[in-house]
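**Student:** Attaching a single structure in structure tokens format; questions to follow.
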Amino acid sequence: MLGKIALEEAFALPRFAERTKWWAGLFALDAAKHAAEINDITEQRIKYMDQYGVGYQLLSYTAPGVQDVWNKDEAEALATEVNDYIASTIKSHPDRFGALATLSMHDPKQAAGELRRVVKDYGFKGILVNDTQRAGADGDDMIFYDQPEWDVFWETVTELDVPFYLHPRNPTGTIHDKLWAPRKWLIGPPLSFAQGVSLHLLGMVTNGVFDRHPKLQIVIGHLGEHLPFDLWRINHWFEDIKKPLGLKETCKKTIREYFAQNIWITTSGHFSTPTLHYCMTEVGADRILFSIDYPFENFHDACDWFDKAELNDVDRRKIGKDNAKRLFKLGDYKDSSA
Ligand code: GRE
């Protein structure tokens, strides 16, 4: 299929070569290839896009990114640097690339201000944040965005009408040491990423973020970070037990209503047709978006799978491009109407 849109697609800052190598050492078999791919924006990446029928990518700064920076001033300066860098890099390719804002999440007002700047000045299409923000003197604290002090940030997100991609990051600090270090092979895609994001998103649901900001649109990757599988059980416990026990004070709608009105899932890094069919049954083709997760995954696995997956033409178009076009309000791009 030509003109696919992909939206969980990472880049790094070339000046962080050592950091990129460290992360690649955890997650890539060929660290040198990974480093070259994640640092390139306009050469190899466009060749892959042309080869595999991806018309447009929404780019985001790689994990753990600014969420790993527990010093507030440093985090804010890095987010600005990343946003300025990607804006200038993709400027000459508006028909191939858009960007998702990188934000320091130490201070809701500052995050809202930087978001406003990059949406107004650069035309960024949304935000991608890597789960909780590390904070505190030694980076052991975690800031969640499901608390009332974040309302000022969510107000700006909904006012600007841009989607927010809640992406995973690696466990750190005490959580890492106690839960994950003794079972280190489960860090990342096998388990920890999905647990982190699903905890954070369900925190937003149960703490009433979507009730206070009903227009808010949150995107999660990897076919929903295990949540679609559990919708029946979550719904049963929310509606039949937790709401009578008090959850009804903060959470007015059902989990299925939030999935229908506020939540989107992408195919990033999860190229399984039975799982996609299952998600189409549970959350619907109208809330699913194609994505790759480049360069942690490759174009061939994602695109060859999606192009051949058993789907009718209407659903393939929706998931491959039309849903993303509508959600991110994209104009024409290469093969957008193919
Ligand atoms: C990511 O999407 O950022 C990612 C990693 C490491 C492994 C897999 C993955 O950072 O999808």
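Per the UniProt record's numbering, the very first residue in the sequence shown carries number 1; after that it's consecutive.
We put the beta carbon where it would ideally sit given N, CA and C, even for glycine.
1) Tell me, to the nearest whole angstrom, how far the beta carbon of Phe164 is from that of Ile127; I am working on the premise that it is less than 8 Å.
2) Determine the closest residue to Asn170 out of Asp211, Val157, Glu159, Trp185, with distance taken between C-alpha atoms.
3) Which ranges would you report for the alpha helix (DSSP H) in the region 40-106 if only whole runs of at least 4 residues count?
4) Going by C-alpha to C-alpha distance, which of Trp232, Ile220, Tyr294, Gly221 sits closest to Glu37?
5) Using only the heavy atoms of the ligand GRE, determine whether one of them is closer than 6 Å to the beta carbon of Pro295.
6) At which residues does the beta strand (DSSP E) containing Gln195 begin and terminate?
7) Taking only heavy atoms of the ligand NAP into account, decide whether any of them is closer than 6 Å to the Cβ of Gly224.
8) For His226, which three-state DSSP category applies?
9) Touch check for the region 66-86 and the region 29-36: three-plus C-beta pairs under 8 Å?
10) Comparing C-alpha positions only, which one of Thr62, Thr172, Ala87 sits nearest to Asp121?
11) Following the continuous beta strand (DSSP E) through Met1, name the residue where it begins and the one where it ends.
12) Rounded to whole angstroms, how far is the Cβ of Arg134 from the Cβ of Gln195, which I believe are closer than 8 Å?
13) Buried or exposed for Arg312, going by 16 or more other Cβ atoms inside 10 Å?
14) Within this structure, are the beta carbons of His300 and His222 separated by less than 7 Å?
15) Work out the CA separation of Ile175 and Arg256 for me, nearest whole Å.
16) Counting C-beta neighbours from all protein chains within 10 Å, is the total for Thr132 16 or more, i.e. buried, or is it exposed?
17) With the cut-off set at 7 Å, would you say Pro214 and Glu149 are in Cβ contact?
18) Quick check on Gly136: buried or exposed, where buried means 16 or more other Cβ atoms within 10 Å of its Cβ?
19) If I measure Cβ to Cβ from residue 339 and keep anything under 8 Å in the same chain, skipping five residues before and after, which residues do I get?
20) In the structure shown, what three-state DSSP assignment does Asp161 receive?
**Tutor:** Based on what the coordinates show:
1) The count along the sequence shown starts at 1 and reaches residue 164 at position 164. The count along the sequence shown starts at 1 and reaches residue 127 at position 127. With a Cβ gap of about 5 Å, Phe164 and Ile127 count as contacting.
2) The residue labelled residue 170 in the question sits at position 170 within the sequence shown. The shortest Cα separation from Asn170 among Asp211, Val157, Glu159, Trp185 belongs to Trp185.
3) 44-52, 72-90
4) Within the sequence shown, the letter at position 37 stands for residue 37. Here the closest residue by C-alpha is Tyr294.
5) Taking the sequence shown and counting its residues from 1, one reaches residue 295 at position 295. False, no ligand heavy atom lies under 6 Å from that Cβ.
6) Translated into the one-based positions of the sequence shown, residue 195 becomes position 195. Per DSSP, Gln195 belongs to no beta strand (DSSP E); it is in the alpha helix (DSSP H), 192-206.
7) As for the ligand NAP, it is missing from this structure, which binds only the ligand GRE.
8) Counting from one through the sequence shown, the residue named residue 226 turns up at place 226. If DSSP states are grouped into helix, strand and coil, His226 belongs with coil.
9) no
10) Within the sequence shown, residue 121 is the residue found at index 121, counting from 1. Nearest C-alpha to Asp121: Ala87.
11) Indexing the sequence shown from 1 puts residue 1 at position 1. Looking at the DSSP string, Met1 is not in any beta strand (DSSP E), and its letter there is neither H nor E.
12) For the purposes of this step, residue 134 is taken as residue 134 along the sequence shown, with counting starting at 1. For the purposes of this step, residue 195 is taken as residue 195 along the sequence shown, with counting starting at 1. Contact flag wrong, Cβ pair sits at about 17 Å.
13) Here residue 312 corresponds to residue number 312 of the sequence shown, with the count starting at 1. Correcting the residue identity first, residue 312 is Asn in this sequence and not Arg. Label assigned to Asn312: exposed.
14) For the purposes of this step, residue 300 is taken as residue 300 along the sequence shown, with counting starting at 1. For the purposes of this step, residue 222 is taken as residue 222 along the sequence shown, with counting starting at 1. Not closer than 7 Å, so no.
15) Residue 256 sits at position 256 when you count from the first residue of the sequence shown. Residue 175 sits at position 175 when you count from the first residue of the sequence shown. If you take the alpha carbons of Arg256 and Ile175, they lie about 30 Å apart.
16) Stepping through the sequence shown from its first residue, residue 132 is reached at position 132. Label assigned to Thr132: buried.
17) Counted from its first residue, the sequence shown places residue 214 at position 214. Counted from its first residue, the sequence shown places residue 149 at position 149. For Pro214 and Glu149, no; Cβs fall outside 7 Å.
18) Numbered from its first residue, the sequence shown carries residue 136 at position 136. That one is exposed.
19) The requested residue 339 is not part of the displayed model; the chain covers only 1 to 338.
20) Position 161 of the sequence shown holds residue 161. Residue state, collapsed to three classes: coil.
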